[in-house]
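Enquirer: Okay, here's the structure, questions in a sec.
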Amino acid sequence: MGDRVAMIERACRELESNGKVDIIQTSSLWESKAMYVVNQDNFVNGACEIETQLSPIELLDELQRVEKKMDRVKIIDKGPRNIDLDILFYGSTEYSDERLQIPHPLMFEREFVLRPLIELLPKEPNHFPFKDKVRDHLERLPAPDVPLVPMTPLAPDLSPISSVRLTNNTRVMSILNLTPDSFSDGGQNYRIDEATLANTIRAHIADGATIIDVGGQSTRPGAVQVSAEEELARVLPAVKLIRSLPEAENVAISVDTYRGSVAEETIAAGANMINDVSAGAMDDTMLSTMGKLGCTVCLMHMRGTPETMTRPEMTSYPDGIVETVGRELLERVYAAEKAGVRRWRIVLDPGIGFAKTQAHNLELLRRQDELMKYPGLEGMPWLVGTSRKAFIGHITGVKTARDRVWGTAVAISAAIKGGAQIVRVHDVKEMTQTVKMADALWRT
1 MGDRVAMIER ACRELESNGK VDIIQTSSLW ESKAMYVVNQ DNFVNGACEI
51 ETQLSPIELL DELQRVEKKM DRVKIIDKGP RNIDLDILFY GSTEYSDERL
101 QIPHPLMFER EFVLRPLIEL LPKEPNHFPF KDKVRDHLER LPAPDVPLVP
151 MTPLAPDLSP ISSVRLTNNT RVMSILNLTP DSFSDGGQNY RIDEATLANT
201 IRAHIADGAT IIDVGGQSTR PGAVQVSAEE ELARVLPAVK LIRSLPEAEN
251 VAISVDTYRG SVAEETIAAG ANMINDVSAG AMDDTMLSTM GKLGCTVCLM
301 HMRGTPETMT RPEMTSYPDG IVETVGRELL ERVYAAEKAG VRRWRIVLDP
351 GIGFAKTQAH NLELLRRQDE LMKYPGLEGM PWLVGTSRKA FIGHITGVKT
401 ARDRVWGTAV AISAAIKGGA QIVRVHDVKE MTQTVKMADA LWRT
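When you line the sequence shown up against the UniProt record's numbering, it's residues 1 to 444, in that order.
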């Protein structure tokens, strides 16, 4: 069966390659047990909304062209195959001949079809005549022995994360800042020799990090922004170094940048993921670059820039912090999807400490589970970063950022209880222990 996600993404690229089909948005990817012929690997299923001028039969021919090009082999009916493309709906059209039936005749008995499909249904009433039928059939289906779970890939050699399968271990993302001016560890790894940096990376991995987040631009409040060339000069050698280390074979490399040019160069060098504090808002090229690269991305909630985000107008949330963060993140998700980013490649971050007051930070941690259920964001995975932040120092009275270990541990535990799949930390050894304890309480 090969890499199932790679097969789906290749099919999407091929479908758009000749200009006859445009993918407008995608669902999450849902993993399910095989149906009908059960002695085979788990399936991964998703749905796409497309625009096309092709007729139903012409669209079917196009799907079969893609399957043929991908060397689809089907030995037995409903048995294993590397790719399977079907037309579920064609607007409000009903169609039937010897080759094709629309709506798809078997879709209403298949949760693995209805679950991703329902994510794409328009929110407006009476816009799509089959909407209620899809919901009704999904609600009437018997509960499966093994529930379907959405999955978000991080790296080829690292198992995907899921916002539903809460028995999974929370992933520890370690922070590798290569800046002279980050708020808690500025200068620690700035312009150090390669051997010392390699030892630091090995220590992160040995202490429990499965994702390393490499940053070359400080985003602390008031930080001066360096040039893209300077940022790239800081992070590119580190990405190449991590990728060269045998110990990092099963580690995902994330790059903490808001610049499309830095994202493109570092992904080409071996990074797996882009972590953008602005969710594509600070560089007009970023979202289109993310769409072109096809990698997993983290979209964080922030207002303004690091220089302006603490201004009163940026920290005002008259509609409530959870409602507003949910709404504004959903807008960024839609913008990313419009630029070609697949929904199954998106991780969200509430942006603790970015354009937020202490009260906002605490409320987001208390109500993380509610934010995860915000309409339109359901099923998406979340990263939460609280490590050493100022609000922890204010509450605990610990002025030196690197000494805020205990307060960070409590905040991380709250994030895990609320449903976070990834926590971003400085103190890898101590926070890995915290994560293990929190997982034992809330993820078993």
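Every residue gets a Cβ at the ideal spot worked out from N, C-alpha and C, and that includes glycine. All figures in this text were calculated on a predicted structure; none of them were measured in a lab.
Sort ALA355, ARG303 and ILE352 by Cα distance to GLU331 and report the nearest one.
Expert: Per the Cα distances, ARG303.
Enquirer: Am I right that ALA271 and VAL239 are in contact with their C-beta atoms under 8 Å? What's the rounded C-beta distance?
Expert: About 5 Å separates the two Cβ atoms, so the contact holds.
Enquirer: Can you tell me where the beta strand (DSSP E) holding MET173 begins and where it ends?
Expert: Residues 171–177.
Enquirer: Buried or exposed: TYR317, going by 16 or more other Cβ atoms within 10 Å of its Cβ?
Expert: Buried: at least 16 other Cβ atoms inside 10 Å.
Enquirer: Within a Cβ cutoff of 7 Å, which residues of the same chain sit near ASN361, ignoring the five residues on either side of it in sequence?
Expert: Counting only Cβ-Cβ distances below 7 Å, and skipping sequence neighbours, we find ILE352, GLY353 and PHE391.
Enquirer: Quick check on this structure: which residue in GLN25, SER17, GLN368 and GLU31 has the alpha carbon closest to the alpha carbon of residue 506?
Expert: With the chain covering only 1 through 444, there is no way to say anything about residue 506.
Enquirer: Whose C-beta lies closer than 6 Å to the C-beta of CYS48 among residues of the same chain, with five residues either side of it excluded?
Expert: Only ILE23 and THR26 meet the Cβ criterion.
Enquirer: Quick check on TYR90: does DSSP put it in helix, strand or coil?
Expert: Strand.
Enquirer: Which word fits SER17, buried or exposed, when buried means at least 16 other C-beta atoms lie within 10 angstroms of its C-beta?
Expert: Exposed.
Enquirer: Can you have a look at MET1 and say buried or exposed, based on whether 16 or more other CB atoms are within 10 angstroms of its CB?
Expert: In this prediction, MET1 has a pLDDT of 42, which is less than 50 and means its spatial position is unreliable; nothing more can be read from the coordinates.
Enquirer: Could you spell out the range, first to last residue, of the beta strand (DSSP E) harbouring ASP319?
Expert: Per DSSP, ASP319 belongs to no beta strand (DSSP E) and is neither H nor E.
Enquirer: Report buried or exposed for ASP3, applying the criterion of at least 16 other Cβ atoms within 10 angstroms of its Cβ.
Expert: Exposed is the call here.
Enquirer: To the nearest whole angstrom, what separates the beta carbons of LEU138 and LEU114, a pair I think is in contact under 8 Å?
Expert: Yes, they are in contact, since the Cβ atoms of LEU138 and LEU114 sit about 4 Å apart, within 8 Å.
Enquirer: By Cβ distance, which residues of its chain are closer than 7 Å to ILE83, with the 5 residues on each side in sequence left out?
Expert: Result list for ILE83: MET7, ALA11, GLU67, MET70 and ARG72, in chain order.
Enquirer: If you draw a straight line from the alpha carbon of HIS204 to that of ILE267, how long is it in whole angstroms?
Expert: When rounded, the distance between both Cα atoms is 21 Å.
Enquirer: When DSSP builds the beta bridges, which residues end up paired with CYS295?
Expert: Paired residue(s): none; CYS295 is not in a bridge.
Enquirer: Which residue comes first and which comes last in the alpha helix (DSSP H) that contains ALA281?
Expert: It is not in any alpha helix (DSSP H) - ALA281 carries neither H nor E in the DSSP assignment.
Enquirer: Three-state secondary structure (DSSP) at MET314?
Expert: Looking at MET314 - three-state DSSP - the assignment turns out to be helix.
Enquirer: If ALA335 and LEU293 are in contact, beta carbons under 8 Å, what's the gap, nearest whole angstrom?
Expert: That pair is no contact at about 16 Å.
Enquirer: Of the choices PRO381, TYR95, GLU363 and ALA206, whose alpha-carbon is the least far from that of LEU29?
Expert: Of the candidates PRO381, TYR95, GLU363 and ALA206, the one whose C-alpha sits nearest the C-alpha of LEU29 is PRO381.
Enquirer: Should GLN64 go down as buried or exposed, given a rule of 16 or more other Cβ atoms within 10 Å for buried?
Expert: The residue in question, GLN64, is exposed, as its Cβ has fewer than 16 Cβ neighbours within 10 Å.
Enquirer: So for LEU63, helix, strand or coil by DSSP?
Expert: Reduced to three states, the DSSP call for LEU63 is helix.
Enquirer: From ALA440 to GLY418, what distance separates their C-alpha atoms?
Expert: One C-alpha to the other measures close to 14 Å.
Enquirer: Whole alpha helix (DSSP H) runs in the stretch 188–235 with 4 or more residues, listed along the chain?
Expert: Correct list: 194–206.
Enquirer: Hey, LYS373 and THR315 are a contact pair by Cβ (cut 8 Å); roughly how many whole angstroms apart?
Expert: That pair is no contact at about 24 Å.
Enquirer: Under a three-way DSSP split, which group does GLU111 fall into?
Expert: Helix, per DSSP.
Enquirer: With distance defined between alpha-carbon atoms, name the residue in PRO350, PRO246 and GLU370 nearest to THR386.
Expert: The option with the nearest alpha carbon to THR386 is PRO350.
Enquirer: Does DSSP classify MET1 as helix, strand or coil?
Expert: Residue placement at MET1 cannot be trusted, given a pLDDT of 42 that sits under 50; what the coordinates show is reported in the next sentence. MET1: coil per DSSP, three-state reduction.
Enquirer: Going by other Cβ atoms of all chains shown within 10 Å of its Cβ, with 16 needed for buried, is ASP284 buried or exposed?
Expert: That one is exposed.
Enquirer: Who does ASP349 pair with in a DSSP beta bridge?
Expert: Beta-bridge pairing links ASP349 to MET300.
Enquirer: Quick check on DSSP: helix, strand or coil for ILE118?
Expert: Note: ILE118 maps to helix in three-state DSSP.
Enquirer: Closest to ALA279 by C-alpha separation, out of VAL262, SER261 and THR257, would be which residue?
Expert: Ranking VAL262, SER261 and THR257 by Cα distance to ALA279 puts THR257 first.
Enquirer: Suppose contacts are defined by Cβ-Cβ distances below 7 Å. Is ASN250 in contact with LEU158 by that definition?
Expert: Yes.
Enquirer: Out of MET173, ARG327, LEU154 and GLU265, which has the shortest C-alpha to C-alpha gap to LEU371?
Expert: Looking at the Cα atoms, ARG327 is the closest of the given residues.
Enquirer: Helix, strand or coil, according to DSSP, for MET437 in the structure here?
Expert: Helix at MET437.
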